[in-house]
Amino acid sequence: MSEIHGAVGSYVVNALDPDELEEFEAHLAVCPTCTREVQEFGETAAELSLLASVTPPPTLRSSILAAISEVRPLPPEPLAEGAAAEPSPAVSETAPAERPIDELAQKKLALRRQQRRTRILTALVAAVVAAALALGGVVYGLVNARQAQVAEQAEATELLTAPDVRTYTATMKDGGQISFVVSRSLNRAMFIGKDLPAVGADQTYQLWTLEGQHPIPDNLVAGGGDRQEFFRESLNGVTGLAVSVENAAGAQQPNPSTIQVVTELAA
Amino acid sequence: MNASSVPPDTGGQPVRSGSRSAADRGRETEAAHLVELMTLSSRGHEEAFAELYDRTSQRIYGIILRVLRSPDHAAEVMQEVYVEAWRQSARYSPEKGSVIAWMTTMAHRRAVDRVRSVSSEVARDERYAFQGGDREIDQVWDGVEQRIDVERVRRGMASLTPIQREALTLAYFGGYTQSQVAQLLKLPLGTVKTRIRDGLIGLRDALGVEA
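If you're matching them up, the sequences are chains A and B in order.
If you count the first sequence from 1, position 177 lands on 186 in my numbering, and the numbers rise without skipping.
If you count the second sequence from 1, position 93 lands on 149 in my numbering, and the numbers rise without skipping.
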């Protein structure tokens, strides 16, 4: 524990290598000390930006202001809403340094842990997914079988049992059967891949949400085998989902020549 | 920033004034104002966001450009960061930290991600990270209080040991991973990790930054 604790500085300056990043984020979820240090060091690192200050080109200002006028700000997250409007007594009575870990961050990290567990259960799920895909992507068999088998997959179950859940199945350009499981009411989507083709050692599958023509980078999915992964972004304003193959670090814009699937979502 | 670009006259002592200075109060007022602008932005006030841009863009663009070196890439990442800040404005909460830290963190992460995905295209001239900063700062910071802030951070950096300073500089301004920093400095990875963390602790204490 103490060794991973020492990675907090490198984490804040985004200097962790990918393996250690995953390890540290798992640690962060359970370590209030590191969580506090991440926030403090974040403030410190921000001060360093004073030393780099440069006036941006004036054209950038006008292009950014033009861009935002076409983008709708997301609504507040349900958890943040109450906290922002009137801090709960528990929070306001606590000294800043002793504040509980930000609830939202905690929820996100819990979700990430859930996703990790989910990956471990992939083998189990794969058989069911195969059956579902064979039936042309009928999701209800999937739901029933999985509810029984994988009760602890609360997030996945919630999605799969949402009243408005829809499954979009597709075959990727380089082969491999995939499904997007989507619930507009939960604003969540999950990617399920069956027999994904392997990718290069320095490559990964990357998920994207699309807002019209605008792709937003989402979670990465390793190649080869059966995989399932939640989309990180909520579906507010999202009109489509896509998968591409990118360099291992992921990309900010999809590589047009390696886009595997683009699926338009029903409103 | 190497030792020669930092005023050498602080004797390694952390700089902390006993009473709160006008500059301290100015920073707090500015921080509170940025929170207001962010709140207005979340309700769709574009003019508030324009002011937020004007008050933060030099620092945000500066750090992106410093990491990426390429003005073309920097402009793209800058646009991504501000559009994302606008989109996420309702999800910013002061409990997560200051607006400038929230935005700087986002900008730095995206710049570093970009560096690592395009590193073969961008010529990596690590010397750049150690040069040229002072002249740019002088062009940008005209106000007395802003100059005081810059001086304060420089003195904070000067209070670190040379290895702490260099490790932190290569990681933060250079956008290198800790294992790349270890290679560049010819030090064991564990040492680099510790120096980066110690450097941030030293700087935090010197600046008296509160989370």
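Glycine included, each C-beta is placed from N, C-alpha and C at the ideal position.
Computed from a predicted structure; not experimentally measured.
is_contact[residue i, chain A] using C-beta, thresh 9 Å
{"i": "E92 (chain B)", "result": "no"}
{"i": "Q114 (chain B)", "result": "yes"}
{"i": "D169 (chain B)", "result": "yes"}
{"i": "G153 (chain B)", "result": "yes"}
{"i": "T160 (chain B)", "result": "yes"}
{"i": "P218 (chain B)", "result": "no"}
{"i": "R172 (chain B)", "result": "yes"}
{"i": "K242 (chain B)", "result": "no"}
{"i": "E177 (chain B)", "result": "Low per-residue confidence applies at E177 (chain B): pLDDT is 46, beneath 50, and the placement is therefore not dependable, though the value from the model is reported in the following sentence. No, E177 (chain B) does not count as interfacial toward chain A."}
{"i": "D205 (chain B)", "result": "yes"}
{"i": "R125 (chain B)", "result": "no"}
{"i": "R210 (chain B)", "result": "yes"}
{"i": "L263 (chain B)", "result": "yes"}
Partners in chain B for residue i, counting only beta-carbon separations shorter than 8 Å
{"i": "V22 (chain A)", "result": "H164, L224, A227, Y228, I252 and L256"}
{"i": "I73 (chain A)", "result": "Y109, M134, Q135, Y138 and V139"}
{"i": "D26 (chain A)", "result": "T233, Q234 and S235"}
{"i": "N228 (chain A)", "result": "Residues of chain B passing the Cβ test: none, with the nearest at roughly 14 Å."}
{"i": "A258 (chain A)", "result": "D169, R172 and S173"}
{"i": "S266 (chain A)", "result": "Residues of chain B passing the Cβ test: none, with the nearest at roughly 15 Å."}
Closer than 9 Å to chain B by CB, residue i
{"i": "F239 (chain A)", "result": "no"}
{"i": "S78 (chain A)", "result": "yes"}
{"i": "F50 (chain A)", "result": "yes"}
{"i": "T53 (chain A)", "result": "yes"}
{"i": "A99 (chain A)", "result": "Here A99 (chain A) scores only 38 on pLDDT, less than 50, and its place in the model is too uncertain to base an answer on."}
{"i": "Q261 (chain A)", "result": "yes"}
{"i": "C40 (chain A)", "result": "no"}
{"i": "G1 (chain A)", "result": "There is simply no residue 1 (chain A) to check, as chain A begins at 10 and stops at 276 in what is shown."}
{"i": "E255 (chain A)", "result": "yes"}
{"i": "G209 (chain A)", "result": "no"}
{"i": "G18 (chain A)", "result": "yes"}
{"i": "R128 (chain A)", "result": "Here the model assigns R128 (chain A) a pLDDT of 47, short of 50, so the residue's position is not dependable, and the following value carries that caveat. Taking Cβ atoms only, chain B never reaches closer than 9 Å to R128 (chain A), which makes this a no."}
{"i": "S58 (chain A)", "result": "yes"}
{"i": "G221 (chain A)", "result": "no"}
Simplified DSSP assignment, three categories, for residue i
{"i": "A198 (chain A)", "result": "strand"}
{"i": "V144 (chain B)", "result": "Checking the sequence, you will find Gln at residue 144 (chain B) rather than Val. Note: Q144 (chain B) maps to coil in three-state DSSP."}
{"i": "R175 (chain A)", "result": "strand"}
{"i": "G150 (chain A)", "result": "Here G150 (chain A) scores only 41 on pLDDT, less than 50, and its place in the model should not be relied on; the value that follows carries that caveat. Three-state DSSP puts G150 (chain A) in a helix."}
{"i": "H223 (chain A)", "result": "strand"}
{"i": "S188 (chain A)", "result": "strand"}
{"i": "D205 (chain B)", "result": "helix"}
{"i": "Y232 (chain B)", "result": "coil"}
{"i": "D26 (chain A)", "result": "coil"}
{"i": "G234 (chain A)", "result": "strand"}
{"i": "G282 (chain A)", "result": "Outside the displayed range of chain A (10 to 276) lies residue 282 (chain A), so it cannot be described from this structure."}
{"i": "F50 (chain A)", "result": "helix"}
{"i": "D211 (chain A)", "result": "coil"}
{"i": "E103 (chain B)", "result": "helix"}
{"i": "K242 (chain B)", "result": "coil"}
{"i": "V271 (chain A)", "result": "strand"}
{"i": "T218 (chain A)", "result": "strand"}
{"i": "L90 (chain B)", "result": "helix"}
{"i": "L205 (chain A)", "result": "strand"}
Within chain A, partners of residue i - CB distance below 7 Å
{"i": "R122 (chain B)", "result": "A61"}
{"i": "A157 (chain B)", "result": "G51, E52 and A55"}
{"i": "S98 (chain B)", "result": "P82"}
{"i": "A106 (chain B)", "result": "L74"}
{"i": "R143 (chain B)", "result": "V80, P82 and L83"}
Per-residue contacts from residue i into chain B (C-beta, under 7 Å)
{"i": "S194 (chain A)", "result": "Residues of chain B passing the Cβ test: none, with the nearest at roughly 20 Å."}
{"i": "G249 (chain A)", "result": "Per Cβ cutoff of 7 Å: no residues; G249 (chain A) is ~17 Å from chain B at best."}
Interface partners of residue i on chain A, CB under 9 Å
{"i": "A131 (chain B)", "result": "P65, P66, T68, L69 and S72"}
{"i": "G82 (chain B)", "result": "Near G82 (chain B) there are no residues of chain A at all, since even the closest Cβ is about 13 Å away, more than 9 Å."}
{"i": "E102 (chain B)", "result": "L74, I77 and S78"}
Any non-hydrogen atom of the ligand NAP closer than 8 Å to residue i Cβ
{"i": "G209 (chain A)", "result": "Summarising the ligand content, the structure contains no ligands, and the ligand NAP is consequently not present."}
Chain B contact residues for residue i, given Cβ-Cβ distances below 9 Å
{"i": "G15 (chain A)", "result": "G246, K249, T250 and R253"}
Proximal chain A residues relative to residue i, where beta-carbon distance stays under 8 Å
{"i": "R260 (chain B)", "result": "E49, F50, E52 and T53"}
May I ask you to verify whether the region 31 to 49 of chain A touches the region 68 to 80 of chain A, counting CB pairs closer than 8 Å and requiring at least 3? Contact between the region 31 to 49 of chain A and the region 68 to 80 of chain A is absent, because fewer than three Cβ pairs lie under 8 Å.
Segment contact, 8 Å Cβ cut-off, at least three pairs: the region 81 to 92 of chain B with the region 131 to 140 of chain B: no
Are the region 58 to 71 of chain A and the region 201 to 219 of chain B in contact at 8 Å, needing three or more beta carbon pairs? yes
Three or more beta-carbon pairs under 8 Å between the region 240 to 259 of chain A and the region 206 to 223 of chain A, yes or no? yes
On the three-pair Cβ rule with 8 Å, is the region 217 to 236 of chain B touching the region 98 to 105 of chain B? They do not touch, by the three-pair rule.
The region 15 to 32 of chain A contacting the region 231 to 240 of chain B, beta-carbon criterion three pairs below 8 Å: yes
Can we say the region 252 to 263 of chain B touches the region 215 to 226 of chain B, given the rule of at least three CB pairs closer than 8 Å? Yes, they touch.
Using 8 Å as the cut-off, can you tell me whether the region 140 to 148 of chain B makes contact with the region 226 to 233 of chain A, which would need three or more C-beta pairs spanning the two stretches below that distance? In short, these stretches do not touch, since the Cβ pair count stays below three.
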